[in-house]
Structures are given as C-alpha cells and as structure tokens.
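At position 81 of the first sequence (counting the first as 1) the number is 81 in my numbering, and the numbers step up by one without a gap.
Here the structure comes first, spelled out in structure tokens, and everything after it is commentary.
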Amino acid sequence: MRYSQYLLPTLKETPAEAEVISHQLMLRAGMIRKVAAGIYSYLPFGLRSLRKMEQIIREEMNRAGAIECLMPMANPAELWQESGRWEKYGKELLRFKDRKSADFCMGPTHEEVITDIIRNTVNSYKQLPLNLYQIQTKFRDEIRPRFGLMRGREFIMKDAYSFDLEDSGADTSYQKMYQAYRNIFNRCGLKYRSVEADSGAIGGNFSHEFMVLAESGEDGIVSCDSCEYAANVEKAELIYADSVPPVATQEVQKVDTPGQKTIEDVARFLQVNPQQIVKTLIVQTSNDEVLAVLLRGDRELNPIKLANLLGVDWVLMAEEEVVQEATGAPTGFAGPIGLSIRVVADAEVKTMADFVIGGNAVDVHVVGANHGRDFEVSQFADIRQAVAGDPCPRCKEGKFESWRGIEVGHIFKLGIRYSEAMNATVLDAQGQAQPLVMGCYGIGVGRTVAAAIEQNHDENGIILPMPLAPFQVLVTLLNPKDDQVREAAEKLYQQLLDLNIEVLLDDRDERPGIKFKDADLIGIPLRVTVGARSLKEGNVELKVRESGAVTMVSVDEIVVQLQQLVAQGLAFTLEK
RNA sequence: CGGAGCGUAGCGCAGCCUGGUAGCGCGCUUGGUUUGGGACCAAGAUGUCGGAGGUUCGAAUCCUCUCGCUCCGACCA
C-alpha cells in the first residue's frame, strides 16, 4: 500500500474526548473515528488490525474443532421472551419495532438464536458434541460507554456456544476452549492471565476470564508467584493458617475515643495496629436484610463473595439512618456487641483475639474484645478482598501478586439453563430426551486490539506486536524527488510485496520529520528508511519500533533480513 | 439512572465573570525558499459560538429549557 494513496489521517494533538492511552492513540493513529457515544467507525488502518485479530481467533477456534456461522444482529422478540431475557435484560437490550410493529432487539449476545438453531436441527446425541461460533457485531446499550473500543455499545465479538449430551462432555468442550483461548492470546503476543472468575448473572458452574495485564485495567486480579493459580479479586479464594487457636487474655473494656471514626484514627489514638482492630460494617442486602459484617481493620470487604455467601443479588453499605437504627450510634462506632442483627465475620477474624471494636455509642470503642465470649458470630467465611502477599490457596507455598487487567475473553460453562428454558433436547442412547449441556465463550475483538495498545506503547505512539500490526513493514522514502532514492524504495517495496510481506510505502511528499513522527505514532513493527545519505553507501536503515534499535543494512540483504524478522514476529508455539 | 464537567473553524484552545466588529496555535489552499526527527516567508479560505426560547437598543457572553459529549458509581467482551 502506498501512503500517498491511503487514508491514514493522523492527529498531532490528542482529542479531548479520549481519556485512556489506547483510545487516544487509536484516534491519533487514524484507526478509528467516533460516530456516536460508544459507536465507532473503523478506518482502514484500524480495520487491518481488527481483521488480524479475527483471523487468529478463527484459526484457533477452527483448530479446536469449532465451526463458524453467522447469526443476525436483529433478533425477534419471541426468542428472547422464551428464554425470559426480554424482561430480564433491561435497558441494555436495544429494542425496536419493524414496519409491522413486531418487536425486535439488537443482539447483545446470541444464546437464544443459537439454541433455537440447535433444537431445530439436532435431534440425536450422535450429532454431538457441537461448538459453533461467529464473529459478529453486538449491540449493548451500555449505561456508560467509555474508553473508545474498550467499552463500546456497538462492538465486534467472537462468541461461541458448545453443546454436549452430558456434563462430562461439556467439561471437555470447556477445556478445549480454555486451551484455544490460551493459544489465541499467546499468538497475539500479549501478556495476560487466565483467571478464575465469578460466573455472575449468566450463571453456570465455572468460568475463566482472560485478562490482558495493563495499568489502566478495570479489574483487579491476583496470581500466585509459584503456581498457576490466578483469579479475579472478586473471586480469589483465601486460606488462613489457623494452627494456633487464639486465646483471650484481656477483659473487655470501654474506652473513650472522642471523634475517632476511621480505622486510622482509632489505631493512632489507641496506639495499636489496624490489624488489632475489627471493623464492623453494616450492610443491606437485596433481600432487605440488614446485617453486620466483621473484618480485620486493614481489610476490604468483597461484596461479591458476601452476596454469594448469603445467596442474594447484591449487598450495599447501609445508609446512615440504618446504621443509626441498627447500632444506636452514628457510623464510625459500630461494633458487634449487643447487636440484634445477624453478624457475619471474615474467616480471618476467627484467628484474632483481644481486638478493638466499636462501642455502638458516640465516641466509644471497646478493647480486649473476643468473639464467642463477648459476642456471637453466626458465620465465619471468606468474604474479604484478596491483596498482594496473601498466601496461595492452591499450592499454599506461593504468595499473591496483584495486577490490573483488561478482560478480553470470558468462558462459561452454562449447563442446561437455556436448553431447559427453550426446550432444546436430544435423544440419548436410551431414547430419552435430554436437555443439552451448554457452554459459551466470548472474546472482545476490538477490546483486545485496544488492550494490546494499552500494553504496548511509548511516549511516541503505538508499538503493536507483529501478529496484530496493520502492516509488518514500513518503507520510509525520504526524498521522493530524488530518482535514485525513489527507485531504490520502489524496488524494495515491490520485492516485499512479491514475498507477501505487508508493507506500507511512505511515498508522501512530506519532510522527513513528519514521516518519522507518523511512523512512530502508527507503530508498524519494522521501519526501513531509504534516504540519499545511506544509499550512497549502498545501505538502508532498519529500525525496530519496539526496541528502537537501528542498524544499517545493505540494499542486497535487507529483504532477507526483513523476511526473517517478520517470520520471527509471527512465530508462536502451541500449548499442548 | 444519580453526581461532576464541557459544547466557539478539521484538531487543541482563548474570549463569557464585567453584553458592543469572533480570536490564537496546529492543520488546510496557493506561490516561493527548504528537505534525516512535526521547517520558513508571503498571500488566502474556513464559524448558523450545540439547538430553541427569553431578557436587552444589542447576546458566544445573562436567564430558562433542550440535545450531545466526557468523567466518577452499578454493568460487561
């Protein structure tokens, strides 16, 4: 491709609307343009990256035995009513009517459609297992689209759905997808973790998220520094060395703590560590229960763990008045002694003795408190947020490291939730109708490209890994008006094209500075500068975008060298 | 949906408080000089000041309403 005939509108300045680096760079590098909130056009340069990503996904899905199909964006309401999601999905489901006033929605995901296809086409267990996928534009009318392609309303997603007769088969299908996902993200050259995740509203037995590691990631994850265990902090399990049962040695005693409301205040005032304090949170659940939650002073509550434990949809910190009513004191002085509401404690609290708690009265705390003696806890459980340094629950030897991650893929074992609701059954060997056991597997295509940029950039611009780069080689022609230089660049360009190397020839009539700045911005992995100065010596200049390494290479050798570097950049080893 | 902020030329912004001829930088066009890290000189073009209504002799500026966008929360690939 010739730059002079291409559409690659780079921006010198950062558009004000872009907050995160990937969004800024994708706009500046002419990859995307916004059409409306959370809705983008993919310009030619950006589309090339997207297509690369799609192709990698396609190849690995196919390798794993999945079959590509394509389902419609417009879905009739009936299917969604049948699964019950027409009502449940809420405003995120973009609904509209056709000319006959029939209800439709834009597909935010395709469990209904695929289940409908399978129930109408598959009747026997002999046709199983099946795994169908598509790469398609989804629409979710997000409350708050943001960060460019990272969280759009319209976005391209690869979604796959597996169907098995039995649970064990579904586990195998899930494992295949897990491995396919690892292959996909390995091939992209991304630093990521596959983590155990909360299966959330979609339900199902287990679930993994694939997280590209990046500072700006929206999720917290932890991974063990010595074994393979990794998990979303929402889910990360914790263990406690409870070898030494705590022994109470102190008497309970009220102390005045005027104005000391926060843990830090109390710790400083009483000259104790936050680790010797137990904080009492008053929370409300979706079932309208108010309860007290106990945590070590320096810990954070993990509301998802608590909600799962209680079997409720959500828990929230209680309003000021509710706290007042439950404890008889304003916030900051809540404690477990004498409460009439249920008390749930983090498992860690069980290992503590002689701790400080709130006194349920203004400016009063209690020291020397002990559970079981001074108050009762109805349940001890793992309900706190995992942090770096916590011991690994699997190998019990390693410690957690913590990261920020961008969720680019998520795999779920769904079970029979949709197949039962939609009556998707096959006959087993005994002639009995059995609901299909399903799994679903998503990858955000645009988000992965954005995440790759988030992870690979410097102050000058994008540094895309070779497998996702829109072009593999950029030939910068410095003096288009110098016939000799022009001919040398043209020849190189032609040779690379003949070798099927994806090359962009910057033949614009621009000054060198502009070409170099643009080159760094758009981040093509390999740049060859053809200019009068080095050509005199029979050389061209090779610059590797990632390392910044510059070498002079003779005109005769450059093609072979580029060929090797491209091949190297695309090389990958399949796991298993 | 709750809270905060912003809409002025293609992009980045000033002007608004204290009403009176719409500006700056970049980009764009033309000519010339330049040509290895976002050149210089000269001459240009470009705006319903997001929209509607109001106050006023007069509104980008003050008031009301509206639409859009961005950020913080719940959600998610």
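Every residue gets a Cβ at the ideal spot worked out from N, C-alpha and C, and that includes glycine.
Keep in mind that this is a model prediction, so the values were computed, not measured.
Run through DSSP, which three-state label would residue i get?
i, result
"residue 152", "coil"
"residue 109", "coil"
"residue 500", "coil"
"residue 396", "coil"
"residue 236", "coil"
"residue 517", "helix"
"residue 192", "strand"
"residue 202", "Its pLDDT being 49, under 50, residue 202 is placed unreliably by the model, and nothing is read from it."
"residue 307", "helix"
"residue 391", "strand"
"residue 414", "strand"
"residue 45", "helix"
"residue 128", "coil"
"residue 539", "strand"
"residue 481", "coil"
"residue 565", "helix"
"residue 90", "helix"
"residue 231", "strand"
"residue 12", "coil"
"residue 468", "helix"
DSSP puts residue i in a beta bridge; with which residues?
i, result
"residue 370", "The partner list for residue 370 (beta bridge, DSSP) is empty, contrary to what the question assumes."
"residue 159", "134 and 442"
"residue 76", "104"
"residue 36", "39"
"residue 328", "Residue 328 pairs with nothing; no bridge assigned."
"residue 292", "282 and 343"
"residue 403", "221"
"residue 316", "284"
"residue 23", "Answer is none; residue 23 lacks a bridge partner."
"residue 552", "541"
"residue 211", "193 and 407"
"residue 96", "104"
Report the option in the options whose CA atom is closest to the CA atom of residue i.
i, options, result
"residue 300", "383, 209 and 551", "383"
"residue 255", "269, 248 and 262", "269"
"residue 479", "505, 500, 496 and 458", "505"
"residue 278", "359, 435, 307 and 438", "359"
"residue 407", "210, 40 and 367", "210"
"residue 151", "18, 124 and 195", "18"
"residue 545", "341, 527 and 122", "527"
"residue 529", "537, 522 and 516", "516"
"residue 514", "71, 476, 471 and 462", "476"
"residue 420", "90, 500, 298 and 435", "435"
"residue 394", "572, 224, 160 and 325", "224"
"residue 293", "337, 405 and 261", "337"
"residue 231", "372, 361 and 405", "405"
"residue 47", "572, 307, 117 and 469", "469"
"residue 446", "16, 10, 55 and 1", "55"
"residue 186", "216, 60 and 290", "60"
"residue 291", "327, 262 and 304", "327"
"residue 75", "57, 69, 66 and 96", "96"
Excluding the five sequence neighbours on either side, which residues of its own chain have a C-beta within less than 6 Å of the C-beta of residue i, listed in chain order?
i, result
"residue 177", "411 and 441"
"residue 608", "Here the chain has residues from 1 to 576 only, and residue 608 is not among them."
"residue 8", "30 and 45"
"residue 512", "478"
"residue 462", "25, 29, 453 and 523"
"residue 307", "314 and 315"
"residue 182", "575"
Please return the same chain residues whose Cβ sits closer than 7 Å to the Cβ of residue i, not counting the five positions on each side in sequence.
i, result
"residue 4", "507 and 508"
"residue 14", "24 and 28"
"residue 86", "77 and 80"
"residue 316", "283 and 284"
When every heavy atom of the ligand NAP is checked, does at least one fall within less than 7 Å of the C-beta of residue i?
i, result
"residue 407", "Inclusion of the ligand NAP in the displayed structure is not the case, the ligand content being empty and no account of it being possible."
What span of residues does the alpha helix (DSSP H) with residue i cover, start to end?
i, result
"residue 186", "167-187"
"residue 348", "347-350"
"residue 298", "No alpha helix (DSSP H) contains residue 298, which DSSP labels as neither H nor E."
What is the residue span of the beta strand (DSSP E) that residue i lies within?
i, result
"residue 524", "Note, residue 524: premise wrong, no beta strand (DSSP E); not H, not E."
"residue 435", "433-435"
"residue 269", "Where residue 269 is concerned, there is no enclosing beta strand (DSSP E), although the alpha helix (DSSP H) it sits in stretches over 263-270."
"residue 576", "No beta strand (DSSP E) contains residue 576, which DSSP labels as neither H nor E."
"residue 425", "425-427"
"residue 381", "379-381"
"residue 255", "253-256"
"residue 358", "355-358"
Ordered along the chain, which non-local residues of its own chain (more than five positions away) have a Cβ less than 8 Å from that of residue i?
i, result
"residue 539", "552, 553, 554 and 555"
"residue 165", "125, 128, 129, 426, 428, 434, 436 and 437"
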